[in-house]
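These protein sequences, in sequence, are chains A and B.
To convert, note that position 261 of the first sequence is 261 in the numbering used here; the numbers rise steadily by one, no gaps.
To convert, note that position 216 of the second sequence is 216 in the numbering used here; the numbers rise steadily by one, no gaps.
Don't be surprised by glycine CBs; every beta carbon is placed ideally from N, CA and C.
All values reported here derive from a predicted model rather than from experimental measurement.
Here's the structure we're looking at; comments come further down.
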Amino acid sequence: MARITLQNLRHSYLPNPSGPDDYALKEIDHVWEDGGAYALLGPSGCGKSTLLNIISGLLVPSEGKILFDDRDMTALPPDKRNIAQVFQFPVIYDTMSVYDNLAFPLRNRGRDEKIVRERVTAIAEMLEVTSMLDTRAANLSPDNKQKISMGRGLVRNDVNVVMFDEPLTVIDPHLKWKLRSKLKELHQRVNATMIYVTHDQTEALTFADQVVVMDLGVIVQIGTPVELFERPAHTFVGHFIGSPGMNILPCEVRDGGAFFRGQPVTLEGPITKIGTRAEIGVRPEFVSLADSGIEAVVRKASDIGRHNVVEVMVGDTRIAAVTEGDRPAKGDTVHLQFRPDQTRLYADGWLATEARG
Amino acid sequence: MKTVNQKAWFFVLPVLVLVAFNALIPIMTVVNYSVQETFGDNLFFWQGLDWFQQILQSDRFHAALGRQFLFTGLILAIEIPLGIIIALSMPRKGFWVPVCLVTMALPMLIPWNVVGSMWNIFTLPDIGLLGYFLNHTLGIPYDMTQNPVAAWITVIVMDVWHWTSLVVLLCYAGLVSIPDAYYQAAKIDGASNWSVFRYIQLPKMKTVLTIAVLLRFMDSFNIYTEPFTLTGGGPGNSTTLLSIDLVKIALGQFDLGPAAAMSLIYFAITLLVSWVFYTLMTKNDNT
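Okay, structure coming up:
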């Protein structure tokens with residue numbers, strides 16, 4: 001059990017990085033609190049797996065330090081760090097039984113066979129694989145194999161952190177849900193720090209208490225699922241989280257207000273920053289069709305069950321709106337209203353309004 | 001009522017013809033010889049199973065069979081572990097991969113009789129590089145034309161030189177197919193190098209190793225050209241392996257009947273050992 005601190009972490013896969021573009025990780029400073037359930041969310045290639053491998057010790061960072069509590073772990077190999085990692089594809093030892101697979105990390109550390117039995121039985125119970133303990137691991141289905149991989153990560157009760165690298169990639173959709181809730185439950189029972197890497201927002205938001213969003217090698221925002229949804233700190237987060245993502249509308253800032261295509265738009269609060277590029281961000285859930293407002297033409301309207309997703313065009317800007325009730329027809333002219341307390345300004349991509357107290 | 005459609009025969013016919021000409025007919029010719037006596041002129045006399053009985057009871061056959069098993073056993077005992085060790089120490093990526101692969105493949109590209117002649121000249125005591133070096137520089141008496149032990153060592157070393165690469169390449173193919181995550185997981189699980197080999201690399205190499213052992217068994221059990229060009233089966237009969245003995249009986253003595261019976265026994269042994277080995281190796285796959 002430990003608090004994990006990342007200090008000024010930078011990593012490049014090139015021997016002599018020259019510019020910021022050569023870095024897979026640019027300047028990461030972050031503290032993972034002991035016992036937290038974290039998700040590391042970002043698109044493919046954003047550096048999340050690199051970060052994970054640095055924490056586990058499979059990679060040594062080009063610059064910066066990793067501390068477990070106050071001990072510097074930067075140069076230590078994975079087996080000295082007392083961590084566990086579950087990989088994208090299930091890793092199991094084919095020739096061993098399920099029991100031996102689960103016992104493997106303990107036996108390698110010379111634990112007493114009595115303790116091994118206790119831990120393996122307990123973990124098998126939690127993962128609901130008790131009935132499979134004597135079967136050969138090679139004959140299991142992919143989801144059970146992945147359960148065993150997870151089990152090997154959780155079987156040691158002194159791990160500092162358990163890391164999951166997109167562990168549900170090969171699992172059938174209907175089993176994904178089950179394993180995901182299993183993981184959540186396991187976190188509450190074993191109380192270890194867990195970091196869950198994924199590019200799937202549903203997985204991240206259901207698993208984690210704190211979601212760390214990464215893009216292009218930097219941490220863009222850290223927050224609870226609700227915070228990420230309601231107040232994205234960056235247009236990337238707004239766009240990446242939510243389906244459809246946040247509407248990002250180029251705008252003009254003058255006289256302390258924002259103007260979209262010449263029409264004033266009420267923001268959540270005063271503007272704090274002015275950059276070279278200004279955009280209004282509003283989630284489709286907070287765009288409504290009304291009798292007056294910004295005039296737009298319906299491009300597409302689809303019924304997705306409980307509500308409609310309406311895509312409209314204002315000039316050449318596309319805006320999505322989530323509405324209830326009747327669906328407008330394609331080509332209709334409608335008027336848009338943005339809910340003021342959910343309408344924000346972004347300067348150069350970063351949040352630039354303050355919420356009114 | 002089920003309609004019986006005979007059309008399918010047309011589709012298997014080409015295969016039947018092919019198999020008939022490349023396997024059935026030649027083997028049946030041998031079977032034909034093995035139960036008859038001939039003195040040429042197409043005159044045949046029925047002999048029953050006499051030749052089989054004679055071969056199975058002859059000391060000469062027992063000795064050749066013993067030498068054959070010794071040879072195959074020795075080269076397998078050397079080539080398989082050596083091949084695994086070399087494959088494990090080859091680089092997985094980078095500039096040296098193609099260099100290693102091509103170097104490894106070179107011995108296998110040399111025709112068998114050339115390999116035999118090469119090693120013959122190489123080991124001649126007076127003019128061969130190795131033979132001269134051993135005898136005149138190091139002072140170790142070594143003459144494979146006179147000394148049976150030297151002859152055996154030379155035949156074994158030659159086969160190891162010629163064919164270990166096959167084991168290496170097959171094992172290497174098995175090794176590179178192991179995803180990195182396995183090694184990473186093993187590191188995190190605290191596995192020793194031996195455990196990594198025992199529980200990850202060896203199981204993943206099992207299929208290719210089975211094939212490597214099978215190929216090396218069949219090839220070495222039927223080996224003829226290389227030892228024949230190297231030692232001619234000598235000195236005395238010390239390196240006369242089964243195939244060399246068979247050719248002596250068939251073409252040297254022109255005893256076609258016994259030779260045919262011996263080929264069939266020879267074939268049966270090769271087939272039996274391969275089948276038993278393969279069955280044992282694949283038996284546990286589905287349990």
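query                                                                                                                                   : result
Rounded separation between ASP50 of chain B and PRO26 of chain B - CA only                                                              : 21 Å
Chain B contact for LEU9 of chain A (CB, 8 Å cutoff)                                                                                    : no
Rounded separation between LEU130 of chain B and ILE140 of chain B - CA only                                                            : 11 Å
Interface partners of ILE55 of chain A on chain B, CB under 9 Å                                                                         : Residues of chain B passing the Cβ test: none, with the nearest at roughly 11 Å.
Reduced DSSP category for ALA204 of chain A - H, G, I as helix; E, B as strand; rest coil                                               : helix
Beta-carbon proximity check, ASN108 of chain A vs GLY190 of chain B, cutoff 8 Å                                                         : yes
Beta-carbon neighbours of SER177 of chain B, restricted to chain A and to distances below 8 Å                                           : Correct list: empty, because the minimum Cβ distance to chain A is about 13 Å.
Residue(s) in a DSSP beta bridge with HIS335 of chain A                                                                                 : A:ALA290, A:GLU295
Closer than 8 Å at the beta carbon, the chain A residues around GLY94 of chain B                                                        : By Cβ distance, chain A contributes nothing, its closest Cβ being about 14 Å from GLY94 of chain B, past 8 Å.
DSSP bridge partner residues for HIS234 of chain A (one or two, in chain order)                                                         : A:TRP350
Beta carbon proximity, ASP134 of chain A to chain B, threshold 8 Å                                                                      : no
Under 8 Å by beta carbon: chain B residues contacting TYR93 of chain A                                                                  : TYR199, ILE200, PRO203
Identified DSSP bridge partners for ARG318 of chain A                                                                                   : A:MET313
Contacts of ALA185 of chain B in chain A (Cβ-Cβ under 8 Å)                                                                              : GLN85, PHE87, VAL91, SER149, ARG152
C-beta atoms of GLN85 of chain A and MET150 of chain A nearer than 8 Å                                                                  : no
Under the three-state DSSP convention, the category ILE123 of chain A falls into                                                        : helix
Contact test: PHE260 of chain A Cβ vs the ligand NAD heavy atom, cutoff 7 Å                                                             : This structure lacks the ligand NAD, and indeed carries no ligand of any kind.
CB contact below 8 Å: ALA173 of chain B versus chain A                                                                                  : no
Min CB distance ALA181 of chain B to chain A below 8 Å                                                                                  : yes
Outcome for ILE304 of chain A when other beta-carbon atoms lying within 10 angstroms are tallied against a minimum of 16                : exposed
Test item: CB-CB of GLY234 of chain B and ALA150 of chain B under 8 Å                                                                   : no
Beta-carbon contacts of GLY282 of chain B that lie in its chain and below 8 Å, excluding the five residues immediately before and after : The residue asked about is misnamed: residue 282 of chain B is Thr in this sequence, not Gly. Closer than 8 Å at the Cβ level, and outside the excluded window around THR282 of chain B, lie THR210.
C-beta contact flag for THR378 of chain A and ILE248 of chain A at 8 Å                                                                  : The requested residue 378 of chain A is not part of the displayed model; chain A covers only 1 to 357.
Buried or exposed by the 16-neighbour rule on C-beta atoms within 10 Å, applied to GLN221 of chain A                                    : buried
Chain-order list of residues whose beta-carbon lies under 6 Å from that of VAL91 of chain A (same chain, five-residue window excluded)  : SER149
Contacts of ASP79 of chain A in chain B (Cβ-Cβ under 9 Å)                                                                               : LYS187, ILE188, ASP189, GLY190, ALA191
Same chain, Cβ closer than 6 Å to PRO250 of chain A, five either side skipped, listed in chain order                                    : GLU279
Proximity of LEU76 of chain A and MET126 of chain A at Cβ, strictly below 8 Å                                                           : no
For ILE294 of chain A and LEU345 of chain A, believed in contact at Cβ under 8 Å, the rounded distance                                  : Not really, about 16 Å apart at Cβ, beyond 8 Å.
Under the three-state DSSP convention, the category SER18 of chain A falls into                                                         : coil
Residues that PRO105 of chain A contacts on chain B, provided the C-beta gap is smaller than 9 Å                                        : ILE188, ASP189, GLY190, ALA191
Assumed close pair VAL298 of chain A, VAL312 of chain A - CB separation to whole angstroms, cut-off 8 Å                                 : 5 Å
Distance between PHE217 of chain B and ILE75 of chain B (C-alpha atoms, nearest Å)                                                      : 9 Å
Helix, strand or coil at ASN247 of chain A [DSSP, three-state]                                                                          : strand
PRO260 of chain A versus GLU252 of chain A: straight-line alpha-carbon distance, rounded                                                : At residue 260 of chain A the sequence reads Phe, which differs from the Pro that was named. Cα to Cα, the separation comes out at about 6 Å.
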